[in-house]
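Structure record follows, encoded as C-alpha cells.
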Amino acid sequence: MRSPLLALLVSVGCAVSGFVGCEPSPVVNTPATAPSASVAAAPTATAPAPTTPVPEVPTAAPVASIATTEALPPITKSGAKLTWYGHAAFKLVTPKGKVLFVDPWITNPKNPTGKDDLAKIDKADLVLVTHGHFDHVGDAVAIAKKTKAKLVTTFDVGKAMVQHVGYPKDLAGFDTQGNFGGELALLDGEVNVTFVPAVHSSAVQNAKGDAFAAGNAGGFVIAVKDGPVVYHTGDTDLFSDMALVPTKRPITVMLACIGDHFVMGPDRAAEAVKLVRPGMVVPMHFGTFPVLRGTPEAFEGELKKRGLATKLQVMQPGATLDL
Ligand SMILES: [Zn+2]
9 MRSPLLALLV
19 SVGCAVSGFV
29 GCEPSPVVNT
39 PATAPSASVA
49 AAPTATAPAP
59 TTPVPEVPTA
69 APVASIATTE
79 ALPPITKSGA
89 KLTWYGHAAF
99 KLVTPKGKVL
109 FVDPWITNPK
119 NPTGKDDLAK
129 IDKADLVLVT
139 HGHFDHVGDA
149 VAIAKKTKAK
159 LVTTFDVGKA
169 MVQHVGYPKD
179 LAGFDTQGNF
189 GGELALLDGE
199 VNVTFVPAVH
209 SSAVQNAKGD
219 AFAAGNAGGF
229 VIAVKDGPVV
239 YHTGDTDLFS
249 DMALVPTKRP
259 ITVMLACIGD
269 HFVMGPDRAA
279 EAVKLVRPGM
289 VVPMHFGTFP
299 VLRGTPEAFE
309 GELKKRGLAT
319 KLQVMQPGAT
329 LDL
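To get this note's numbering, take the position in the sequence shown, counting from 1, and add 8.
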C-alpha cells in the first residue's frame with residue numbers, strides 16, 4: 009500500500025514521463041490543474057474508459073467556407089493602372105503617376121510587341137524582381153539604365169543582380185532591399201511593399217549562362233496609397249501560409265502563376281485563390297513555353313468547381329486594367 013504522498017508523486021511522475029510501471033492514471037482525463045490527493049486516489053474502476061474519438065472528416069476545409077461566404081475586397085477605380093506584358097511581367101502605375109515594373113521580361117515570347125514596348129519605356133520609379141531566374145530578371149537592367157529605377161528585391165537577389173547581370177549598384181541599396189516579412193514604405197509613402205515567401209528556387213544567370221546563388225524566391229504585396237493591394241505570387245507552388253498573405257491588408261488583385269511544370273498549375277492555383285481570397289485574380293506565367301501548359305480555361309474551371317466568388321480577369325499581353 010502506497011502512502012497518499014507517494015501515490016501523488018507517482019501519479020504526477022506518470023503524467024509527466026509516462027514511464028513503464030505507472031498505473032493507468034485518471035490524470036489523463038483531468039484538467040491540467042495542480043494535482044490533488046483525491047485525484048491521485050480516485051478509483052480507476054469507476055472512471056469511464058477512455059475512448060478515442062473518431063475524427064470527423066470535414067467536407068470542406070475551413071478556409072473554403074470563409075472564401076465562399078466572406079465579402080471579398082471590392083475592385084474600385086482609384087486611377088491606378090495595371091498592364092500585363094505576358095509571362096510574369098507587369099507595370100503598375102499609381103494614381104499619382106509613379107511607375108513600378110514587376111518581373112519585367114518585356115521581350116518575352118508571349119509579347120508580340122516586346123521590343124517596341126521596351127524601347128518606349130521612358131519612366132520607371134521601381135523595378136521589383138521576385139527571384140533571380142532569367143524569365144523574371146528579364147529586362148530589368150535595360151530599364152534601370154535608362155530610367156534610374158531603384159531595384160526592389162530581397163538582399164540576396166539584389167546582390168546577385170548587381171554582381172552578375174549588371175544592375176547599377178547605386179540603384180540597389182538598403183532603402184529598397186528587404187527580406188520576407190519586411191515592409192517598405194517607398195516613393196514617399198505612395199506604395200508599401202511587403203516581401204512574402206514563395207515555394208520556388210532562385211539563382212541568377214550571367215550572360216554566359218553561369219548560375220549564381222541568389223537567396224530564396226518570393227512574391228510581393230504592393231499596397232498602393234488610396235488604391236489597390238496587388239499580390240504578385242512570383243513563381244511558386246501552393247502553400248498553406250498563403251492564407252496569411254491577406255492578414256494585414258485584404259488583397260484586391262492577385263496575380264497568380266498557373267502554368268504548371270515549374271510552378272503551380274490551374275488546380276493548385278485555384279486552391280491558392282481560396283486561401284488568399286482576392287477580389288480579382290489575373291492568371292500569369294502560362295503559355296510562354298509549351299511546357300507551361302496550364303490555361304486560363306482550365307483555371308476558370310477549377311475556380312468554378314470550388315464556388316469561389318473571386319472575379320477571374322484574363323488579360324492579353326499589352327492590355328491594361330483600371331484599378
Ligand atoms: Zn518563372
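We put the CB at the ideal spot given by N, CA and C, even for glycine.
Report all residues from its chain with a CB closer than 8 Å to the CB of residue i; omit the five preceding and five following residues, and keep chain order.
{"i": "G309", "result": "P274"}
Is any heavy atom of ligand 3 found at a distance shorter than 8 Å from the C-beta of residue i?
{"i": "V271", "result": "No copy of ligand 3 occurs in the structure displayed; its ligands are ligand 1 alone."}
In this structure, what does DSSP give as the bridge partners for residue i?
{"i": "W92", "result": "F98"}
{"i": "E191", "result": "T202"}
{"i": "A264", "result": "P291"}
{"i": "I230", "result": "V201, V238"}
{"i": "K128", "result": "Answer by DSSP bridge pairing: none, since K128 is not bridged."}
{"i": "T161", "result": "Q185"}
{"i": "K319", "result": "M288"}
{"i": "V135", "result": "F109, L159"}
Which residues in the same chain have their Cβ closer than 6 Å to the Cβ of residue i, if we skip the five residues on either side of it in sequence?
{"i": "D164", "result": "A222, G223"}
{"i": "A168", "result": "G140, V212, F220, A222"}
{"i": "M250", "result": "A280, L283, V284"}
{"i": "V322", "result": "P304"}
{"i": "P258", "result": "P81"}
{"i": "L179", "result": "A152, K158, L159"}
{"i": "I266", "result": "P274, A277, P291, F294, G302, F307"}
{"i": "T91", "result": "K99, T328"}
{"i": "G186", "result": "L192, F203"}
{"i": "V170", "result": "K177, A180"}
Round the Cβ separation of residue i and residue j to the nearest angstrom and send it over; I've been treating them as touching at under 8 Å.
{"i": "A239", "j": "V232", "result": "Per the sequence shown, the amino acid found at residue 239 is Tyr instead of Ala. Y239 to V232, Cβ: 12 Å. No contact."}
{"i": "K89", "j": "D245", "result": "Actually they do not touch by this definition, with Cβ atoms about 30 Å apart."}
{"i": "L195", "j": "K106", "result": "5 Å"}
{"i": "T318", "j": "L100", "result": "Not really, about 19 Å apart at Cβ, beyond 8 Å."}
{"i": "G235", "j": "V261", "result": "The Cβ separation is near 10 Å, so there is no contact."}
{"i": "A157", "j": "D133", "result": "6 Å"}
{"i": "F188", "j": "F203", "result": "5 Å"}
{"i": "T102", "j": "V199", "result": "6 Å"}
{"i": "V135", "j": "F109", "result": "5 Å"}
{"i": "V201", "j": "D243", "result": "About 18 Å; that fails the 8 Å criterion."}
Quick check on DSSP: helix, strand or coil for residue i?
{"i": "F307", "result": "helix"}
{"i": "T202", "result": "strand"}
{"i": "F220", "result": "strand"}
{"i": "T328", "result": "strand"}
{"i": "K153", "result": "helix"}
{"i": "Q213", "result": "strand"}
{"i": "Q185", "result": "strand"}
{"i": "V107", "result": "strand"}
{"i": "K167", "result": "helix"}
{"i": "V207", "result": "coil"}
{"i": "V284", "result": "helix"}
{"i": "P274", "result": "helix"}
{"i": "A148", "result": "helix"}
Which same chain residues end up closer than 7 Å to residue i when comparing Cβ atoms and leaving out the 5 residues on each side of it in sequence?
{"i": "P117", "result": "T296"}
{"i": "S209", "result": "A225"}
{"i": "K131", "result": "V107, T155"}
Touch test, the region 161–176 against the region 109–121, Cβ-Cβ under 8 Å, three pairs minimum: The region 109–121 and the region 161–176 do not touch, with fewer than three beta-carbon pairs separated by less than 8 Å.
contact_flag[the region 278–286, the region 294–304] where n(CB pairs < 8 Å) is 3 or more: no
Cβ contact (3+ pairs, closer than 8 Å) linking the region 285–292 and the region 89–105: yes
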